[in-house]
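Comments concern the structure below.
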Amino acid sequence: MADSNARSGYHLSRQSQKRRNYYTTYWSKEAVTAALERGDVFRALFRVNAHNRLEAYCKIEGVPIDILISGSDAQNRAVEGDIVVIEIDPLSLWTKMKGSSGASFNASVSNDCNSAGASINCKGKGDVDVDFHEERNTYHLENGSQESVALAGNGLVNGNISCSNEHHGEVNAVQKLCALTMAFPSKRPTGKVVAIIEKSRRRNGIVGFLDLKQWVSQRKDFSEKAEAIKLSSLFSSMKYIPFAPNDSKFPKLMVPMTSLPDCIKRRLEVGDAKVGTELVAAQIVNWGEEDNAPEAHVIRVFGCGGDAEPCISAILFQNAINSSEFSSETLSCLPSVNWVIPLEEYQSRRDIRNFCIFTIDPASTTDVDDALSINWLSSGICRVGVHIADASYFVLPETALDAEAEFRSTSVYLLRRKLPMLPSLLSENLGSLNPGVERLAFSIFWDINPTGEVLDRWIGRTIMQSCCKLSYEHAQDIIDGKFDVETSATSISGLPQMHGHFQWSNVVKSVKSLYAVSKILKENRYNDGALSLANPKLDFLFNEDGSPSNFVFQGSMESKSLVEEFMLLANRTAAEVISRAYPSTALLRRHPEPDLRKLREFEAFCCKHGLNLDTSSSGRLHLSLERIRQELKDDSVLFNIILSYATKSMQMATYFCSGNSEECENNWGHYALAVPLYTHFTSPLRRYPDIVVHRTMAAAVEAEAIYLKKRNNFNVDKTRRCLTGIYFDRDAVESHEAQKALSFAAAEHNLPCTEMLTGVAAHCNERKLAGRHVNDAIVKLYTWLLLRREKVLFSKARVVGLGPKFMSIYIQKLAIERRIYYDEVEGLTAEWLDATCTLVLSLSTSKRFQRRGSPAYCRPLEEAVLIVSPHKLMPAVDSSGENCNEVGIPQIEDRDGSTSVSHVQDVETAAFPLTLRILSTISVALHAVGGDDGPHDVGARLYVSSYCR
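This is the structure in C-alpha cells:
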C-alpha cells in the first residue's frame, strides 16, 4: 500500500496533497517503559522478508517462533534493522502457519552466493564459527493441526497475555507467549509496531538508483534529443523524484528535487537520462505518520551501476566499512620501519629462536598471524607450540592506534585486495611472523600423549624466528608424501626459502608429525560432539585487468585441517585461562543451539526423503550427516543441499562479556564445537577481539607470576600453576593475595570493565557481520560480472521448493538458490496437482492482449524460459572445451534463444510438457540481471528445446 501510494504521489507536491495520517502515532517513551515493565509489549529486532516487504518478522528472546508483522499499517514505518516495540495481537488474529503442499523444506532463496555456515575464516584458519543469515520465504513444512487446549493458571485469557507481577512482567509474558505458541503450533503469532526504540544504522546509507523508468521512453524511434527535451521539461516541474533501493527489504523513497546534489541537478536540467544508471546512496530524513513513503536525501554518488569499482564502493559504504588510509595520528603510534626488539624484551620473554618454527598460510597471505612447532619428548609425548603474533605489544590501550583498530574491528577481504584493521607496517612487517626475522609472539605449548590428551601446558610471551613460510599447497604435498626427509629444498624450484640452521628435512618431519597429532585431536573433537558444516565456496580467477575470467570451488585440504585443529585448541585454552582469571571481564565467543523450528523442519525434510537424522545434539547431528554423506555418495548435489539446509538452522556465533548480567552461564558454550568456553586468540593482526584477549592473557600470566613469587613457589611443580596450567586451583585464585595480583595486572594492562567490554563485544559483532555481508556481496558482484560478459551459463539444478506460482532451485554450478516464477507468463500453462505435489508446465497456443500495468498483465515467456529449436542446437562441447569460451560457457546472443546455442555435455535441454516434483533435476540458463538500473543478481530460466516456438 505504501509503495503504490508513494508512486502515485511522486508527481505531486506533498504540500498540494490533502494531508491525512497513513500511520498511527508512536507511543510515548513513558508509555513504552511502563508497558515493557508490565509485559504488555516486547522489544525486538525488525527483519523484513526479502521477497515480500509487507511481511516482517520480530524475534523475541526466549520465544521459539518469530512474530509476524504483516502489512504497512502494522509495520508502522519501521525498516530493516530497527529495534522496535511490538504489541502482540489476540490469538483470534494470529495467522495460520504457512505450509505449502509439496514444499519440502524452508528453502531459502534470498541467500547471496556461497553463504556458509561453519566455515574457515578468510585466511583459512580454524575458527569454526557458524554465521547465520536470517532468511524468510514461502516454503514451510506442513504444521500440525490446531489443538484446543485449556491452559488454566497460566495467565492466558481468551488468547491474550496477562501478567499480574509488574516487576517480572516481561519475563512472565515471554513464558506465557511460549506456552501459547506451543499450545497452538499451527498458529503464527502476529503483532504491530507501536514504537521504535533505536533506528537502524542502515537508514543512513541506502544504496540504489533514482527511478527514471516511468519517464524514459522505450520507443526505438524516439531520438536522444527528443528524449532529453522531454525529461528536462518533466524534471523542471517536479517536486520529488522516486528512489528505488537495491535491497528489496526497504521501501521506495521520495527525494525532494531541491535536496539533490548539484551534479545530479545539472544533468537532470539538460534531460540526461543516464542519471538513472548511476548508483547512489540516500539517507532517510523523515517519515511522519502523514507521509505515505519516507523522505530521503541523496548523500553520495558512486558511478555507473554496471561497473565494478562503483559497486564495490557502494558495498563498502552500505556496510560502513572504513576504506580510507590511516590517519597521521594513528601512524604516529607505530615504531619506525627500522625498529628492533628492545633488550628488555629478551630479558623478560622466553627465547625460542632455536626452535624449528614455521608458518602455513595461503600463498598470497601477507599478514602472518600464527606459526607452529613440534618437539618429541619421551614415551611418545610431543610438545606442540602455537605461536601468535604479539600485536598487543604494539597496539596499546587508549591510543589512536587502538581506537582505530577497535573502530575497524576486523580486516575486510575483497577477493583481490583487503582493507586491513592495522597499518601495513605492523600487520605485514613488524608484527607479522615473516620468515628469517626475529619477532615478538604469544606462545602456548602443550605436552600431548599418543591418545591426544593434554598432560601439561605453558603459556607466555616469547621471541621467535620462523624458518620458512609454507603455503597450504606445500604442506599438502608433504602430507601426500611428495617430499621425503632427504629432499633438498635447494634442488626443487618453487619451494620456500629456508632460514637459520634448519634444513628442509626438519620442516618435512615437523609437518608430518603435526599432521599425525592433528588427526588424533580432530577425531577426539568429533567424538566429544563437535559438528562440521563445510559448504561449497567459490573462488575466482582473474584477468590481468582485474575482471573475473573463471571460477572454481575451493577443495578441502588436509593441510588446512592441520592448522585448524591447533588454532582451535589455542582458542579453547585462551578462553579457559581468561575466564578463570577474570570471570567478569573475559571476552568470550558463544554459538547458541540451532533454531528449533528450522531444525525440526530440516529433520522432517530428511525423514520425508528417507534420510534418518538425529538432531538431539551437535555430535549426533554430525554423525547423522556423515552417515547421510555415505548414503548419498553417488548424489553429492543432494548432500550439498542437505548441508546448506543444516546451516540455515544454525544461529550466529557472537562475542560477549562474561560479566554481563544478561548472559546466563549455561548459554556460554559453543554448539558447533561442543565446548563450554571459546574465544578468539589466534588472529590479532586482523581481529580486534584477539587483541583484547591477548591483553587479558598477558594480565593473567603476569598476575600468576606475581602471586607465585610472593608465595615463594619458584620451584613448585608446574601443575601447581593456578591460572595457566591444566589444573585450576580455585582456592588459590580466590585468595586475597591472588586477587590483589590480578587487580594489579588488570590495571597494568588497562583491561576494560564489564560495561565497556560489553560495548566492545557488541561493536565487534556488528563489524564482523558487516564484513561477512561485504564478502558475500563481492562474490555476488563478481559472479554477476562473469555472467554479464559470457551472457549465459547453463547448469543443472535441483528443485528444492515447489508450488503453484514459483519454484526454488539449487543451482549446482554456483551452489546458490534462486526462484523461477511461472504464474502469469504469456504462452506458458502451469498446472499444479496438489494431491501429488506435482507441477506440469506446457506451452500454450492462446494469446491474450495485455498492457503493462494492467491487473491481468502477463510477463513475456522469455523471462521464465529459454526455448531453443532442436535443429539450432550445436553439438555438445567435448572435454577440451571446443566450441566454448575459456570458462566453458556456451555463447548465446539473444535472451529469446533465436540464434544457435552450444550446450555443455552434462546440461541437456528439457522438453514440454515438463513434469516436476521436489528434488527433480532440471536444466537452467543463468544470466546477469540488473546493474545499470537495478540490483545485481543472477537470473534463472528453464532451458527447454521445442519446435513450437
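Following full-length UniProt numbering, the numbering of the sequence shown begins with 1 at its first residue and continues without gaps. Backbone N, C-alpha and C fix where the C-beta goes; we use that ideal spot for every residue, glycine too.
C-beta atoms of residue i and residue j nearer than 8 Å
i    : j    : result
L643 : N535 : yes
D729 : S649 : no
L426 : F394 : yes
H670 : R789 : no
S392 : A732 : no
V298 : A282 : yes
S443 : I352 : yes
A835 : I922 : no
C664 : L757 : no
L926 : I811 : yes
E406 : T330 : no
C764 : P684 : no
T410 : A441 : no
F502 : C467 : yes
V63  : T181 : yes
Those residues which DSSP pairs with residue i across a bridge
i    : result
N49  : N52
V207 : A281
I459 : I444
F656 : L588
V690 : It should be noted that the sequence gives Asp, not Val, for residue 690. Answer by DSSP bridge pairing: none, since D690 is not bridged.
R188 : T95
R350 : T462
L396 : Paired residues: none, contrary to the question.
D539 : V552
D859 : Looking at the sequence provided, one finds Arg at residue 859 rather than Asp. Answer is V825.
Residue i at chain C interface by Cβ criterion, 8 Å
i   : result
G81 : Among the chains in the structure shown there is no chain C, since it carries only a single protein chain.
Opening and closing residue of the beta strand (DSSP E) in which residue i lies
i           : result
L260        : Neither: L260 is in no beta strand (DSSP E) and is coded neither H nor E.
V361        : Contrary to the premise, residue 361 reads as Asp rather than Val in this sequence. Residues I357 to D361.
W832        : L828 to L833
residue 991 : The structure shown does not extend to residue 991, since the chain is modelled only from 1 through 949, so no value can be given for it.
W376        : D370 to W376
L841        : T838 to L843
Spatially closest choice to residue i from the options, by CA coordinates
i    : options                   : result
N527 : L538, A672, K509 and S549 : A672
D40  : Y57, E30 and I86          : I86
L843 : D834, P860 and T836       : P860
E565 : R525, N543, A173 and M498 : R525
T647 : L625, Y943, D66 and K633  : L625
P310 : R917, G801 and L781       : L781
V84  : L93, S70, P90 and R47     : R47
N660 : K598, T24, S584 and A738  : S584
G205 : P242, G931 and A314       : A314
Distance between residue j and residue i (C-alpha atoms, nearest Å)
i    : j    : result
Q554 : I778 : 17 Å
Q75  : R20  : 18 Å
A150 : T190 : Note that A150 has pLDDT 32, beneath the 50 cutoff, so the model's placement of it is unreliable and no number is given.
L841 : W832 : 9 Å
V563 : I360 : 7 Å
R941 : F806 : 12 Å
A703 : K740 : 9 Å
T277 : Y240 : 18 Å
V577 : L588 : 11 Å
L334 : S348 : 22 Å
G481 : C948 : 59 Å
P913 : Y822 : 14 Å
L769 : A762 : 11 Å
V128 : A674 : Its pLDDT being 46, under 50, V128 is placed unreliably in this model, and the value from its coordinates should be taken loosely. Taking the straight line joining both Cα atoms gives about 11 Å.
E734 : L723 : 11 Å
P935 : W504 : 51 Å
F184 : P256 : 48 Å
S378 : S532 : 34 Å
C356 : M498 : 11 Å
K709 : E737 : 11 Å
Q175 : V760 : 31 Å
Residue i - containing alpha helix (DSSP H), residue span
i    : result
F605 : L596 to K608
F639 : S636 to K648
I628 : S618 to E631
I478 : Y472 to I479
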